[in-house]
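Below is one structure; the comments refer to it alone.
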Amino acid sequence: LLELTSKTYQKQSSCRMSVTLDIILRKPDKVYHEGESVIGTIAIFTPSDLRHDGINLSMDGSVNLQLSSKNVGIIEAFYNAVKPIPLISAFCEVSSAGRIPAGHTNIPFELPLQPRPNRSLHETYHGVFINISYSLKCDVKRSFLSKGLQKTQQFFVQYAPKPTQPLHPVSFTMSPTSVTSKSGGVPDFYIRGHLDSTSCSVLRPFTGHIILERCEMAVRSIELQLVRVETCGCAEGYAKDGKYFNDSLHLQFTLSSRHRNSKHPDRGRRCPT
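The following block contains the structure:
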């Protein structure tokens with residue numbers, strides 16, 4: 047037991063005293079707009095002097111097409127035809143070969159967020175078919191006998207908010223004739239509503255109202271579900287994910303996270319106009 051405890055302590059001490067590398071961004075939310083500068087610090091801790099062959103920092107962003115269990119047999123036809131699209135690529139030599147003293151060392155950096163020529167930056171998006179990501183990568187090169195250090199830090203890109211954005215309001219009605227139901231008969235009802243705009247910013251609330259004019263049965267609850275639709279395709283074909291009805295609105299909405307995949311459960315009745 048004493049021998050095991052001693053080995054565990056030595057292992058923990060070794061982990062605590064190992065060299066660590068981290069990229070710390072000034073913005074806690076890691077959200078940036080095109081034209082801004084990504085500012086942060088490269089934090090290195092070493093228990094003893096560390097010799098290196100150079101410290102480099104790179105910034106990359108790209109659009110990638112990815113396979114999913116939801117698109118088996120649909121998207122493979124053009125998966126190999128679509129290569130990753132680079133949006134941004136920047137490189138900075140932080141330090142030439144030298145030595146880092148024992149203890150904590152912080153190296154500040156600043157990289158402008160500018161796209162490649164003839165490109166524009168798209169918002170960060172992690173979807174079913176499409177993945178748009180941006181990241182910083184720090185490499186501490188060491189000799190052949192020593193293992194180099196690497197650290198990757200993801201950050202997010204959003205479109206800068208526009209001071210004025212035109213609204214696209216729309217009114218709608220719902221009745222038994224416009225309902226698709228899996229459970230059979232639908233009671234007589236009539237709903238009318240209004241969406242303040244069909245073009246919305248993710249930074250602002252989705253607003254509108256609905257009015258239940260009549261219903262022959264008691265109403266226990268009304269749910270709103272916002273359904274995301276993701277369509278991807280090229281000359282070989284198209285793949286689509288999400289519950290979608292052409293020229294329709296849904297009484298039920300599912301709110302999905304901005305930087306995560308969302309599930310679209312079928313909650314039963316759909317009420318298109």
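Its first residue numbered 47, the sequence shown is counted upward by one per residue in this note's numbering. Using N, Cα and C, we set each Cβ at its ideal position, and we do this for glycine too.
Straight-line gap, serine 64 to proline 93 (C-alpha atoms, nearest Å):
Looking up residue 64 in the sequence shown gives position 18. Looking up residue 93 in the sequence shown gives position 47. Cα to Cα, the separation comes out at about 7 angstroms.
Span of the beta strand (DSSP E) holding isoleucine 134?
Within the sequence shown, the letter at position 88 stands for residue 134. Unbroken beta strand (DSSP E) run through isoleucine 134: 131-141.
In the DSSP assignment, the beta strand (DSSP E) including aspartate 106 goes from what residue to what residue?
Residue 106 sits at position 60 when you count from the first residue of the sequence shown. From DSSP, the beta strand (DSSP E) with aspartate 106 extends over 100-111.
Can you look up threonine 244 in the DSSP assignment and give me helix, strand or coil?
As a working mapping, residue 244 is identified with position 198 in the sequence shown. The answer is coil: DSSP assigns threonine 244 none of H, G, I, E or B.
What is the DSSP secondary structure of threonine 210, counted as helix, strand or coil?
In the sequence shown, residue 210 corresponds to position 164, counting from 1. DSSP places threonine 210 in coil when its eight states are reduced to three.
In this structure, how does DSSP classify serine 267 when only helix, strand and coil are distinguished?
Numbered from its first residue, the sequence shown carries residue 267 at position 221. Looking at serine 267 - three-state DSSP - the assignment turns out to be coil, as it is neither helix nor strand.
Start-to-end residues for the beta strand (DSSP E) that takes in alanine 89
Here residue 89 refers to the residue found at position 43 of the sequence shown. Segment 83-92, the beta strand (DSSP E) holding alanine 89.
Which same chain residues end up closer than 6 angstroms to arginine 72 when comparing Cβ atoms and leaving out the 5 residues on each side of it in sequence?
Along the sequence shown, read from residue 1 onward, the residue named residue 72 stands at position 26. Non-local C-beta neighbours of arginine 72 in its own chain, meaning closer than 6 angstroms and more than five positions away in sequence, comprise Ile85 and Gly86, ordered along the chain.
Quick check on DSSP: helix, strand or coil for serine 64?
Locating residue 64 in the sequence shown gives position 18, counting from the first residue. If DSSP states are grouped into helix, strand and coil, serine 64 belongs with coil.
Validate contact between the region 214-232 and the region 196-204 using beta carbons, cut 8 angstroms, 3 pairs:
no
Please name the residue, chosen from Ile256, Phe252, Val265 and Ala264, that lies closest to valine 273 on a Cα-to-Cα basis.
Numbered from its first residue, the sequence shown carries residue 273 at position 227. Out of Ile256, Phe252, Val265 and Ala264, Phe252 has the C-alpha closest to the C-alpha of valine 273.
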